[in-house]
Ligand SMILES: Nc1ncnc2c1ncn2[C@@H]1O[C@H](COP(=O)(O)OP(=O)(O)OP(=O)(O)O)[C@@H](O)[C@H]1O
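Listed below in structure tokens is the structure:
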């Protein structure tokens with residue numbers, strides 16, 4: 001059996017559990033089943049990638065995890081508690097830039113802490129720590145319109161991290177960036193999740209991004225959206241991979257990329 005497609009039981013603490021999750025939408029009077037009995041676990045301190053062709057339901061699953069969309073059936077639990085709506089224990093980062101334009105970088109990063117009255121974190125310098133962490137120290141007093149797209153996504157990352165979420169939910173966070181900025185952001189995220197021991201669920205349709213960042217990949221097929229395959233890429237666990245060059249020269253990279261591209265191709269053909 002190919003080790004890459006074997007479903008590996010989780011041994012680390014579970015952060016999130018998605019059980020028999022389904023979602024249908026009403027579209028022009030018709031009921032459309034977008035997500036069909038999807039189940040998977042996300043281990044604590046790991047990055048889980050939702051990968052698959054356009055329309056397979058990745059964003060819908062993530063939005064249900066965020067509590068922005070209610071499941072038609074099935075359940076999501078976070079640390080054993082059912083998810084019933086949005087909560088600061090789940091930080092969300094989207095593709096579009098979501099900073100407040102009238103606030104500086106520092107004020108944007110501090111926003112959630114202020115709203116939640118988290119004076120301890122504000123006093124302890126959490127805001128400056130995460131601004132530093134994403135490499136924006138020199139821009140702490142700048143406004144979003146003075147920043148590039150990559151820098152604005154750094155602000156979004158710092159703001160989400162400052163709220164100390166149990167899990168970070170990211171929907172194509174680097175999809176709007178040029179290739180070079182995208183690689184820089186992927187490498188930054190890899191470093192941050194390792195050192196801050198974050199639990200992340202990230203939607204992407206970029207295979208290389210999934211392989212660089214993922215401890216686990218949930219590959220979804222479409223119409224209706226189902227889990228087609230659970231993969232466990234070895235690259236991140238290896239610990240020596242922190243750049244895309246290192247990823248691409250890993251002996252198992254080409255084989256695993258081809259396997260996933262093959263699944264993408266099949267999905268596109270029906
Ligand atoms: N609010 C909605 N109303 C009706 N149909 C919807 C709604 N949201 C999603 N869908 C449908 O559900 C299916 C899954 O959509 P979803 O956006 O989750 O897929 P995706 O895998 O994230 O796609 P992409 O990679 O293109 O963003 C699609 O067929 C989509 O048209």
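Residue numbers (full-length UniProt numbering): 1 to 270. The C-beta atom is built at its ideal place from N, Cα and C for all residues, glycine as well. Small disclaimer: the values here were computed from a predicted structure and weren't measured.
For ligand 1, is there a heavy atom less than 7 Å away from the beta-carbon of residue i?
| i | result |
| --- | --- |
| residue 54 | yes |
| residue 36 | no |
| residue 27 | yes |
| residue 114 | no |
| residue 59 | yes |
| residue 268 | no |
| residue 67 | no |
| residue 32 | yes |
| residue 83 | no |
Residue i: buried (16+ other C-beta within 10 angstroms of its C-beta) or exposed?
| i | result |
| --- | --- |
| residue 343 | Lying before the first or after the last residue shown, residue 343 is absent from the chain, which here runs from 1 to 270. |
| residue 108 | buried |
| residue 115 | exposed |
| residue 6 | Residue placement at residue 6 is poorly supported in this model, since its pLDDT is 40, which falls under 50; the coordinates are not used for a value here. |
| residue 179 | exposed |
| residue 110 | buried |
| residue 165 | buried |
| residue 209 | buried |
| residue 195 | exposed |
| residue 30 | exposed |
| residue 159 | buried |
| residue 32 | exposed |
| residue 130 | buried |
| residue 254 | exposed |
| residue 120 | exposed |
| residue 266 | exposed |
| residue 237 | exposed |
| residue 243 | exposed |
| residue 172 | buried |
Would you mind reading off the limits of the alpha helix (DSSP H) that contains residue i?
| i | result |
| --- | --- |
| residue 260 | 253 to 268 |
| residue 185 | 179 to 196 |
| residue 62 | 58 to 66 |
| residue 115 | 105 to 115 |
| residue 213 | 207 to 213 |
| residue 235 | 235 to 238 |
| residue 159 | 149 to 162 |
Check for me: the beta strand (DSSP E) holding residue i runs from which residue to which?
| i | result |
| --- | --- |
| residue 75 | 73 to 78 |
| residue 126 | Where residue 126 is concerned, there is no enclosing beta strand (DSSP E), although the alpha helix (DSSP H) it sits in stretches over 126 to 133. |
| residue 40 | 30 to 43 |
| residue 119 | No beta strand (DSSP E) holds residue 119; the alpha helix (DSSP H) holding it covers 119 to 123. |
| residue 171 | 167 to 171 |
Check: Does the stretch 197 to 217 come close enough to the stretch 43 to 50 that 3 or more CB-CB pairs lie under 8 Å?
Finding: yes
Checklist line | Touching by the beta-carbon criterion (3+ pairs, under 8 Å), the stretch 91 to 104 and the stretch 256 to 265 | finding: no
Note to self: Tell me whether the stretch 207 to 225 and the stretch 64 to 76 touch, counting them as touching only if at least three CB pairs, one residue from each stretch, are closer than 8 Å.
What the structure shows: no
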